[in-house]
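If you use the numbering used here, the sequence shown corresponds to residues 2 to 545, in order.
The block underneath contains the structure these notes are about, expressed in structure tokens.
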Amino acid sequence: MSKLIAPIIITVIIVVGIGAFSILQKPAFPEPRTNKLCGDGICDANEKANPNLCPQDCQGQTTAQQKNQPTATPTTSQTQPPSGLSIPATPSAPLSSAKDSPFGMHPAHISMQDSTYKEAKDIGVKWHRPSMYMVWSAVQKDLNSQNYNFTAFDKYYGGVQSGINILANITSRMKQESEYTLANSFLPTDEQKYLNFVKAVVERYDGDGIDDMQGLKNPILYWQVGNEPNNKGGVKDFAKLQKITYQAIKEVCPQCKVLIGGAAQPIDTLGLKTLGFVSKTDDYFYEFGKSYESYLKELNGEGFDIFDFHWYGEADGDYRKLGAVYEQIKILLKKYGFGNAPVWITEMGAYSGEPSDKSPKGEKLFSYQTETQQAADYLKRFVYPLSLGIEKIFPAFGLIEGFKGNDGYFDHTGFIYEGKGSNDLGYGVKKLSYYTYKKMVEILEGSDWNNIQTIQESDGVYVYKFQKGGKKIWVAWNDNPAEKQITITGIGAQQVKITEAVPKYESGKDVTDYSTAFNTETKSASNGKITITLKDKPVFVEEK
2 MSKLIAPIII
12 TVIIVVGIGA
22 FSILQKPAFP
32 EPRTNKLCGD
42 GICDANEKAN
52 PNLCPQDCQG
62 QTTAQQKNQP
72 TATPTTSQTQ
82 PPSGLSIPAT
92 PSAPLSSAKD
102 SPFGMHPAHI
112 SMQDSTYKEA
122 KDIGVKWHRP
132 SMYMVWSAVQ
142 KDLNSQNYNF
152 TAFDKYYGGV
162 QSGINILANI
172 TSRMKQESEY
182 TLANSFLPTD
192 EQKYLNFVKA
202 VVERYDGDGI
212 DDMQGLKNPI
222 LYWQVGNEPN
232 NKGGVKDFAK
242 LQKITYQAIK
252 EVCPQCKVLI
262 GGAAQPIDTL
272 GLKTLGFVSK
282 TDDYFYEFGK
292 SYESYLKELN
302 GEGFDIFDFH
312 WYGEADGDYR
322 KLGAVYEQIK
332 ILLKKYGFGN
342 APVWITEMGA
352 YSGEPSDKSP
362 KGEKLFSYQT
372 ETQQAADYLK
382 RFVYPLSLGI
392 EKIFPAFGLI
402 EGFKGNDGYF
412 DHTGFIYEGK
422 GSNDLGYGVK
432 KLSYYTYKKM
442 VEILEGSDWN
452 NIQTIQESDG
462 VYVYKFQKGG
472 KKIWVAWNDN
482 PAEKQITITG
492 IGAQQVKITE
502 AVPKYESGKD
512 VTDYSTAFNT
522 ETKSASNGKI
532 TITLKDKPVF
542 VEEK
């Protein structure tokens with residue numbers, strides 16, 4: 002980092018993510034509403050105005066003094082379909098329960114009340130990170146009682162369809178709750194009661210036949226402690242919380258895997274380098290070194306099985322900057338005893354339209370992007386990290402648009418329109434990215450994820466080779482404004498099928514038949530080679 006930026010960047014860097022917006026000094030985004038929790042029993046003004054936002058809080062017009070509901074979730078503004086309206090389905094991609102699939106979503110439903118996961122199954126989502134977090138205060142309403150209320154969680158988690166693996170978040174707090182956590186700390190006021198809560202939760206959903214939820218069909222074997230702890234305004238002691246939670250989980254479910262709370266990505270709101278999410282390595286690790294690195298140092302090789310960091314940005318090449326950050330993260334993981342820990346990205350974003358986020362000076366943080374740009378960017382944000390060795394990727398937020406309801410970045414990253422905000426084409430309309438995700442899973446699912454070969458990463462051209470069922474698949478794209486020719490060699494078949502990864506329309510609204518939505522062609526190989534022209538859309542090249 003330059004000497005100019007280092008002393009002043011603290012005043013303009015905000016660490017952001019799906020969990021919350023933690024302001025170091027001056028907010029660039031509208032403040033979230035006071036009641037951040039669906040399920041806190043308070044039917045606030047926003048929930049009253051949007052009855053489907055959190056029906057359990059507003060059932061019977063619950064007042065602020067009546068806090069009886071156990072559900073807890075980060076704020077969302079997802080709307081329900083008008084009466085009689087359903088989202089049309091396209092032919093389903095094959096489901097696989099294989100836990101090595103990299104294809105996730107945060108979250109994978111279209112509403113909190115959706116138990117069909119029809120759209121997720123349609124496009125082949127294999128991993129679901131729920132938007133409802135397992136929060137201590139939501140389950141154990143009275144710390145002087147051993148009673149836990151899992152009613153809402155049983156309904157929500159129990160509704161996740163088989164074939165979709167669950168990564169659930171568990172935490173001591175979503176906001177400062179003096180009865181449950183120490184002041185300015187993640188640590189519980191009563192450690193033993195907190196650990197009893199963690200053990201009861203994990204035991205209930207681990208599927209081992211002991212004290213399981215009645216009718217449990219889809220066990221939860223992956224847990225994440227909190228979310229973006231470096232994005233909580235300096236709240237202390239996260240490493241200690243991570244460690245004691247990890248130990249409690251492992252005590253009742255040794256086979257369960259535990260993720261550390263994901264590292265938030267900083268954002269530059271004054272444009273010292275560039276407006277928007279910080280993706281330059283030096284700037285990223287300036288913030289990381291002040292906040293997140295201390296957790297790794299204190300944990301010293303213990304306390305989690307899987308590392309997680311979050312990555313957002315624009316479709317102008319921000320995905321590529323992930324590579325240098327990932328390499329530095331691996332160095333730090335090794336330094337602190339986590340050299341063998343797999344790395345996931347449980348929040349990965351690409352958007353369409355023009356988010357409303359602005360700097361304090363009124364400058365737009367994010368430029369307008371088309372549905373085509375979003376779809377192509379999401380493909381790159383899967384293939385490129387997978388080629389580096391990152392194991393799983395969860396687009397956020399989420400399958401359907403709608404997070405904070407302020408028309409900001411996270412209200413544009415979905416794959417289906419929610420019927421609100423700018424650039425919206427109507428509730429239930431699927432974007433091009435929806436079909437690109439489905440095509441990506443259809444072609445790549447079942448590949449040998451440990452054998453992805455980088456063929457080219459130069460001159461703005463990117464080519465990667467996958468192995469699937471004895472056949473080769475190449476994924477290629479061109480980040481240059483002009484067309485580029487490439488030659489693919491080593492083809493073991495007489496012909497290949499070339500498929501553009503983004504449908505041939507300007508909007509997903511125009512897709513009426515998935516089977517004919519993509520431009521395709523068949524080419525004959527000569528001496529194991531073909532030459533193709535890369536334009537503005539990525540392509541799949543499959544041996545026939």
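Don't be surprised by glycine CBs; every beta carbon is placed ideally from N, CA and C.
Contact fails between the segment 259–266 and the segment 209–219, because fewer than three Cβ pairs, one in each stretch, are under 8 Å apart. DSSP places Gln468 within a strand segment (E or B) once states are collapsed to three.
At a Cβ-Cβ threshold of 8 Å, Leu297 and Tyr247 do not count as neighbours. Leu400 places its beta carbon less than 8 Å from that of Gly415. Per DSSP, Ile453 lies in no beta strand (DSSP E) segment and is marked neither H nor E. If you ignore the 5 residues before and after Ala249, its C-beta comes within less than 6 Å of the C-beta of Leu196, Val199 and Lys200, all in its own chain and listed in chain order. Gly208 is the residue among Asp283, Leu271 and Gly208 whose C-alpha sits nearest the C-alpha of Gln256.
Three or more pairs of CB atoms, one per stretch, sit closer than 8 Å, so the segment 306–323 contacts the segment 369–386. A direct Cα-Cα distance of roughly 25 Å separates Lys291 from Asp358. With a cut-off of 8 Å on Cβ pairs, the segment 480–488 is in contact with the segment 522–538, counting three or more such pairs. By the C-beta density criterion, Ile332 is exposed, having fewer than 16 other C-beta atoms within 10 angstroms.
In this structure Glu446 does not touch Phe395 by the C-beta definition: roughly 16 Å separates them, more than the 8 Å allowed.
A straight line joining the alpha-carbon of Glu288 with that of Lys505 spans about 41 Å. Judged by beta-carbon spacing, Lys322 lies within the 8 Å limit of Lys281, meaning their Cβ atoms are closer than that value. DSSP lists Ala264 as the bridge partner or partners of Phe310. Excluding the 5 residues flanking it on each side, Lys218 has same chain C-beta neighbours closer than 7 Å at Ser163, in chain order. Between Lys241 and Leu188, the C-beta gap is smaller than 8 Å, which places the two residues in contact. By the C-beta criterion, the segment 404–419 is judged not to be in contact with the segment 496–504, since fewer than 3 inter-stretch pairs fall below 8 Å.
Between the alpha carbons of Val503 and Asp460 lies a distance of about 22 Å. The Cβ-Cβ distance between Gly105 and Val136 does not fall below 8 Å. In terms of Cα proximity to Lys244, the closest of Lys156, Leu300 and Gly491 is Leu300.
Within its own chain, the residues whose Cβ lies closer than 7 Å to the Cβ of Val161, once the five positions on either side in sequence are excluded, are Tyr118, His129, Ile167 and Asn219, listed in chain order.
For Gly235 and Val512, the gap between their C-alpha atoms comes out near 47 Å.
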